[in-house]
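K.L.:
Protein chains in written order, with the numbering used here: chain C, 633 to 1182; chain Z, 633 to 1182.
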Ligand SMILES: Cc1cc2nc3c(=O)[nH]c(=O)nc-3n(C[C@H](O)[C@H](O)[C@H](O)COP(=O)(O)OP(=O)(O)OC[C@H]3O[C@@H](n4cnc5c(N)ncnc54)[C@H](O)[C@@H]3O)c2cc1C
Ligand SMILES: Cc1cc2nc3c(=O)[nH]c(=O)nc-3n(C[C@H](O)[C@H](O)[C@H](O)COP(=O)(O)OP(=O)(O)OC[C@H]3O[C@@H](n4cnc5c(N)ncnc54)[C@H](O)[C@@H]3O)c2cc1C
Ligand SMILES: CC(C)(COP(=O)(O)OP(=O)(O)OC[C@H]1O[C@@H](n2cnc3c(N)ncnc32)[C@H](O)[C@@H]1OP(=O)(O)O)[C@@H](O)C(=O)NCCC(=O)NCCS
Ligand SMILES: CC(C)(COP(=O)(O)OP(=O)(O)OC[C@H]1O[C@@H](n2cnc3c(N)ncnc32)[C@H](O)[C@@H]1OP(=O)(O)O)[C@@H](O)C(=O)NCCC(=O)NCCS
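(1) Which residues of the region 1151 to 1168 of chain C have a Cβ closer than 9 Å to any Cβ of chain Z? Give them in chain order.
(2) On the DSSP letters alone, give me the boundaries of the beta strand (DSSP E) that residue 708/Z sits inside.
(3) For residue 1102/Z, name the three-state secondary structure that DSSP assigns.
(4) Among 827/Z, 789/Z, 825/Z, whose alpha-carbon lies nearest the alpha-carbon of residue 847/Z?
(5) Ligand 1 heavy atoms versus the CB of residue 1089/C: any closer than 8 Å?
(6) Please confirm whether residue 829/C and residue 811/C have their CB atoms less than 9 Å apart.
(7) Per DSSP, which one or two residues make a beta bridge with residue 841/Z?
(8) What does the Cβ neighbour count give for residue 599/Z, buried or exposed, with the cut at 16 atoms within 10 Å?
(9) Could you check if residue 913/Z belongs to the surroundings of ligand 3, using beta carbon to heavy atom distance under 8 Å?
(10) For my contact list, residue 664/Z and residue 754/Z are in at a C-beta cut-off of 8 Å; report their separation, rounded to the angstrom.
(11) Report yes or no: do three or more beta-carbon pairs, one from the region 1081 to 1101 of chain C and one from the region 1121 to 1133 of chain C, lie closer than 8 Å?
(12) Quick one: is residue 888/C near chain Z, going by C-beta distance under 9 Å?
(13) DSSP three-state call for residue 699/C: helix, strand or coil?
(14) Verify the CB distance criterion: does residue 737/Z have a CB-CB separation below 9 Å to chain C?
(15) Please go through the same chain and pick out, in chain order, the residues whose beta-carbon is closer than 8 Å to the beta-carbon of residue 1178/C, but skip the five residues on each side of it.
(16) Classify residue 938/Z: buried if its beta carbon has 16 or more other beta carbons within 10 angstroms, exposed otherwise.
(17) Tell me whether the beta-carbon of residue 1032/Z lies closer than 9 Å to the beta-carbon of residue 1009/Z.
(18) Applying the 10 Å Cβ sphere with the 16-neighbour rule, what's the burial state of residue 734/C?
(19) What three-state label does DSSP hand residue 932/C in the structure shown?
(20) Quick check: the Cα distance between residue 1007/C and residue 1037/C, rounded to an integer number of angstroms?
(21) Among 1021/C, 1132/C, 643/C, 981/C, which one has its Cα closest to the Cα of residue 1052/C?
(22) Can you say whether residue 1066/Z is buried or exposed, counting buried as having 16 or more other CB atoms within 10 angstroms of its CB?
(23) Any idea what DSSP makes of residue 900/Z, helix, strand or coil?
(24) So what does residue 1088/C bridge to, in DSSP terms?
(25) Relative to the C-alpha of residue 1100/C, which candidate in 1106/C, 1142/C, 1075/C has its C-alpha closest?
(26) Per the contact definition of three or more C-beta pairs closer than 8 Å, is the region 866 to 880 of chain Z in contact with the region 779 to 796 of chain Z?
(27) For the alpha helix (DSSP H) that residue 671/Z lies in, which residues bound it at each end?
(28) Whole angstroms is fine: what's the gap from residue 717/Z's alpha carbon to residue 724/Z's?
(29) Taking 8 Å as the cut-off, does the region 741 to 750 of chain Z touch the region 772 to 780 of chain Z (at least 3 CB pairs, one atom from each stretch)?
(30) Would you mind sorting residue 1043/C into buried or exposed? The rule is 16 or more other CB atoms within 10 Å of its CB.
(31) Kindly give me the distance between the Cβ atoms of residue 922/C and residue 958/C, rounded to whole angstroms, as I take these residues to be in contact under 8 Å.
(32) Which chain Z residues are close to residue 880/C, counting only those with a beta carbon under 7 Å from its beta carbon?
(33) Under a CB-based cut-off of 9 Å, is residue 997/Z close to chain C?
(34) Less than 9 Å separating the beta-carbons of residue 679/Z and residue 797/Z?
(35) Beta carbon of residue 898/Z: closer than 8 Å to some heavy atom of ligand 2?
(36) Apply the 10 Å Cβ neighbour rule to residue 653/Z and answer buried if 16 or more other Cβ atoms are within range, or exposed otherwise.
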């Protein structure tokens, strides 16, 4: 009878335990969890605080009791593993209920301790109205603070997905919410022009945000907390959510001498095994080579943690037979009415890695425009400048964003290219898509760029160009032009372009734009095949340009 | 300057024309369309009849005028190509406006004539209240019949997706709708137990349907039309929609001596070229090898037609450089509140082809159960009994059905297996999915079947078993058991099974079931690892069983 000891009882740990039991009914399985709960829905916590999820029990997917009953796992909550003795193959446990410390031996050890919120040593950070959010206890604390103090104002520090989810949920409770973020944009996995759509959306919701700014100090002033920003600005608030990132919990394994990656995650091989063959690790705490860059990275996501749980159990019972292939950080968040999703690498990340890429942005609608209820989306894809291999995608919109990002992630993980996007055979009926799905269209546009049939230019490049050498050509209708256009552009509607070619200067670089890019493309084709050589289409059209400029 | 002539101005033809123009600004492109409109939204027609789409112009994605203006294509509507002279490389045209006939030469010819509704010679079939639906004119006819006669009753003959869409839309107009279908189920691409969910849904909508029945005759009786069924039943109605299938329009190419496949479609090679190298064909009219079976099949879907349009244009201009890979009939339909989707081959189809397969059915919810608004789905997948290569999938539910079928179709078209389903890295946040997406779960369950960790049994097999040799074991809670169970089953809750093993007979085949299959699986694992040998889990649990039995 093998004895498995598992550290951490939530996404990774509980899943590994469950699969272990199904694989081996007779094994001894002990699950240690430092906190009070196992198997809770981390991802649901913000929505319980905001009142969207009304029953607290719903957060507890399994309880120690239900887990014992169904899976015969020896669940020990409020018991923290404080030491791993690899030579003796035993762990030391501190029982937080009794205060006692004891040892437990193992044949195989599974480590899934997760990651903890970063809490920098900013003056005043320990004020009772400043919170981080990781588990059910944190949630209870925030919830009872809200109930007891009825805060009217909240500051969210850090605009990653947890920060934005919290902003939305506190806003839903009726608070005035202000976001403070160090970077020049919210949601780091997005590129700026995509994040700009989120910025606009936050504005429509009356959520204030300060970008490129950080917190210098928190100072209590009676009932208020004052948040001093690096810019000198001062915010008065009733509570603060600190969501500036997480850090893998690796103290325990570090002390046990397990190998860590440079970024601090636990280094594991493709079987999710550490450098100690009797110890496997998974979840937020591990570092694993990124499928595109090969760099060791952490993935702070529940899907990978759950999938790894099953792989670890299989490798334990069936002796390293199942390989983990890494994750490309496919992620999604609801931000008020918007859905924001990303997969793979952004332009920022590609630049950081020194990887050459090309990108394009398209706008369209979630399903056939003639069927009611179609809503706009924006899709950016990034790919290899020659062979079109996919590097990443970002998508924002209201409907069907999840399905497209999943499709692109699947193609990407399969080492696919923009040609694979073209060929995706999607299910089409008017309520669900168009005869060409957005993912197909993104592939088409990408091919036109790769083959030189279309030269794209992006909003940053355009904004840097010098007026005298270029002709900005708006090919939308005169009435669209009147409603708003890029300063200095001339207007020749695409449908009249063939007749009005003489109006277009032949000695200038021509930057064509339309609403979203498609008429611009048609116009570029006409111009390029009529002897105009330097013709560029503004990627994402006026829509993207407008988002980024205001 | 190359001269392209295109026959058929809708999904395939118009798309080919548009891409041709973008590739070659100076080519001569003539588009012949027999009807009044080009580029109309065939797929939207039922919804215009039902009033969901309110403006008729919305159906016309492009008009001859807009198409000319933007793409400089010589669009000739109400002009039917009546003959192809391959030697002279010219076509004969009948102009339905002037009555005149004339010839037009071509360098390359593109044929996208589509498919026409089957209208068998049933007595009375030409009654003015009997309609088929293919184009805008048909739609206008049905719409004005409804406006003029205010029919209260409608019979829909044929329960494919167009039939069901029409049933829904006529029902929405307030009519009593009755469906008549020859097969034992609606929607042929589904297997029976999946279609059974649609049957149940139709019942809740008060839509009557008669299965395994066909029409013998239509007889006018004053203001009513009597529909005599083969069963002897007689239905009185005000109007009839005939939607019993379509047939490729191949008279023209047949007469021109182009090669047809056995099923009657135009045979094309991987470049979508017919046996005449100057003639390409696409859309509903062509037959192409099925990616799984290799048999020539027709695909009556707009997505493939649109995608082929671009491929044909590329091959014309760039000389056969782009291969078409075939389609696996990924399709979807809204049926009242349900979404019904399928891809690849069903069990029926696999049996017909003599291909060995295994299948499983899972039920779950569209997203994390703890987040409000999660709705049930049913997913069936079919795969190779040894290597797990995917053959097909069917999915029914209310939300996120489209995204899962698209993912599975993508894996399938990529020659993927159930192991690829497990690894799909989907975007997860509570409003969109669960940490393990349904597609992952389907892959997990499939693996357990392939590795023998779980033996599945389906509802047909169970219903055939002989009571004395089996023990039907309901592992749900006593209160679930009381609410309804399979006749003759005993009830031992899974969470008590380990303690109550002695109650389970060791000399019988044990059929375990729960609500949907998952607790049943857990119970099977306990039993199998405790020496019970013949243990089977009811695929899809009581839910699927109930659907098929009532
Ligand atoms: C508020 C919030 C929202 C989120 N939303 C999403 C989302 O929408 N989508 C998504 O994909 N991901 C989301 N995540 C991330 C996701 O929850 C994590 O990626 C996932 O839970 C990681 O699983 P894990 O097993 O590595 O760690 P965890 O689930 O954090 O579990 C680790 C457990 O180990 C315990 N532990 C640590 N050390 C010890 C020890 N020494 N002894 C005993 N026990 C120990 C901890 O107490 C903890 O309970 C969210 C996370 C949070 C906090
Ligand atoms: C009511 C309805 C609903 C549908 N819903 C969906 C759906 O939800 N999803 C989906 O994927 N598919 C759907 N389809 C199917 C889809 O519309 C077709 O697969 C697609 O239109 C096929 O394109 P095609 O170019 O082959 O033929 P068509 O689009 O039918 O175009 C062929 C055209 O050629 C013309 N033509 C034929 N012969 C000649 C000739 N000799 N000379 C001149 N012109 C000629 C015809 O008049 C016709 O307009 C639906 C179809 C219908 C009728
Ligand atoms: C609750 C928890 C322990 C469940 O783990 P689990 O039992 O492995 O997962 P599920 O309940 O999804 O069940 C999956 C198993 O059921 C099987 N299954 C699913 N549907 C089935 C069906 N209809 N028929 C038969 N088997 C089925 C799967 O094959 C899989 O078994 P396997 O791994 O042995 O192949 C774990 O997911 C957890 O702790 N979750 C909460 C924490 C968390 O993930 N937080 C982050 C997200 S908010
Ligand atoms: C209307 C119709 C002629 C349009 O054909 P089309 O121009 O090829 O298709 P789209 O309008 O989707 O445009 C696609 C083109 O725009 C390009 N494009 C799309 N979005 C773009 C963007 N944001 N920037 C630049 N280019 C873009 C694509 O690359 C593609 O061009 P390419 O094929 O040269 O690469 C054709 O789809 C049609 O007739 N539809 C109605 C009939 C029908 O399909 N019925 C069945 C379904 S209801």
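C-beta atoms are modelled at their ideal positions from N, C-alpha and C, and glycine is treated no differently.
P.N.:
Walking through what the data contain:
(1) Cβ contacts with chain Z: 1151, 1153, 1154, 1157, 1158, 1160, 1161, 1162.
(2) For the purposes of this step, residue 708/Z is taken as the residue at position 76 of the second chain. From DSSP, the beta strand (DSSP E) with residue 708/Z extends over 706 to 709.
(3) As a working note, residue 1102/Z is residue 470 in the second chain. Of the three classes helix, strand and coil, the one that applies to residue 1102/Z here is strand, per DSSP.
(4) Here residue 847/Z is taken as the residue at index 215 of the second chain, counted from 1. Of the listed residues, the one whose Cα sits closest to residue 847/Z is 789/Z.
(5) In the first chain, counting from the first residue as 1, residue 1089/C sits at position 457. False, no ligand heavy atom lies under 8 Å from that Cβ.
(6) In the first chain, residue 829/C corresponds to position 197, counting from 1. In the first chain, residue 811/C corresponds to position 179, counting from 1. Their beta carbons are not under 9 Å apart, which means residue 829/C does not touch residue 811/C by this criterion.
(7) For this step, residue 841/Z is matched to residue 209 along the second chain. 811/Z, per the DSSP bridge assignment.
(8) Residue 599/Z lies beyond the range of chain Z shown here (633 to 1182); nothing can be said about it.
(9) On the second chain, position 281 is the one that residue 913/Z refers to. No, the Cβ of residue 913/Z stays beyond 8 Å of every heavy atom of ligand 3.
(10) Position 32 of the second chain holds residue 664/Z. Position 122 of the second chain holds residue 754/Z. Their Cβ separation, rounded to whole angstroms, is 32 Å, which puts residue 664/Z and residue 754/Z out of contact at 8 Å.
(11) no
(12) Locating residue 888/C in the first chain gives position 256, where the first residue counts as 1. Among the residues facing chain Z, residue 888/C is not included, as its CB has no counterpart in that chain under 9 Å away.
(13) For this step, residue 699/C is matched to residue 67 along the first chain. In the structure shown, residue 699/C sits in a helix (DSSP, three-state: H, G or I).
(14) For the purposes of this step, residue 737/Z is identified with residue 105 of the second chain, where counting begins at 1. Cβ-Cβ to chain C under 9 Å: no for residue 737/Z.
(15) Locating residue 1178/C in the first chain gives position 546, where the first residue counts as 1. Answer for residue 1178/C: 1116, listed in chain order.
(16) The sequence position of residue 938/Z within the second chain is 306, counting from 1. Buried.
(17) The residue you call residue 1032/Z lines up with position 400 of the second chain. The residue you call residue 1009/Z lines up with position 377 of the second chain. Yes, these two residues count as a Cβ contact at 9 Å.
(18) As a first step, residue 734/C must be located in the first chain, where it is residue number 102. Under this definition residue 734/C is an exposed residue.
(19) The residue labelled residue 932/C in the question sits at position 300 within the first chain. It is coil, neither helix nor strand.
(20) By one-based count along the first chain, residue 1007/C stands at place 375. By one-based count along the first chain, residue 1037/C stands at place 405. In a straight line, the C-alpha of residue 1007/C is about 16 Å away from that of residue 1037/C.
(21) Along the first chain, read from residue 1 onward, the residue named residue 1052/C stands at position 420. It is 1021/C.
(22) Walking along the second chain from the start, residue 1066/Z turns up at place 434. Result: buried.
(23) To locate residue 900/Z, count along the second chain from 1; it is residue 268. Looking at residue 900/Z - three-state DSSP - the assignment turns out to be coil, as it is neither helix nor strand.
(24) Here residue 1088/C refers to the residue found at position 456 when the first chain is read from its first residue. For residue 1088/C, which the question treats as bridged, DSSP gives the partners 1169/C.
(25) Here the question's residue 1100/C lines up with position 468 in the first chain. That would be 1142/C, whose Cα lies nearest to the Cα of residue 1100/C.
(26) Yes, the region 779 to 796 of chain Z touches the region 866 to 880 of chain Z.
(27) In the second chain, counting from the first residue as 1, residue 671/Z sits at position 39. Residue 671/Z -> no alpha helix (DSSP H), and no H or E assigned at all.
(28) By 1-based counting over the second chain, the position of residue 717/Z is 85. By 1-based counting over the second chain, the position of residue 724/Z is 92. So the alpha carbons of these two residues sit roughly 8 Å apart.
(29) Here the region 772 to 780 of chain Z does not lie against the region 741 to 750 of chain Z, with fewer than 3 beta-carbon pairs under 8 Å apart.
(30) The residue labelled residue 1043/C in the question sits at position 411 within the first chain. Flag for residue 1043/C reads buried.
(31) The residue labelled residue 922/C in the question sits at position 290 within the first chain. The residue labelled residue 958/C in the question sits at position 326 within the first chain. Yes, they are in contact, since the Cβ atoms of residue 922/C and residue 958/C sit about 6 Å apart, within 8 Å.
(32) Position 248 of the first chain holds residue 880/C. Listed by position along chain Z, the residues whose Cβ is nearer than 7 Å to that of residue 880/C form an empty set, because the closest Cβ is around 19 Å away.
(33) Here residue 997/Z is taken as the residue at index 365 of the second chain, counted from 1. Residue 997/Z does not count as touching chain C.
(34) Counted from its first residue, the second chain places residue 679/Z at position 47. Counted from its first residue, the second chain places residue 797/Z at position 165. For residue 679/Z and residue 797/Z, yes; Cβs fall inside 9 Å.
(35) Translated into the one-based positions of the second chain, residue 898/Z becomes position 266. No, the Cβ of residue 898/Z stays beyond 8 Å of every heavy atom of ligand 2.
(36) In the second chain, counting from the first residue as 1, residue 653/Z sits at position 21. Result: buried.
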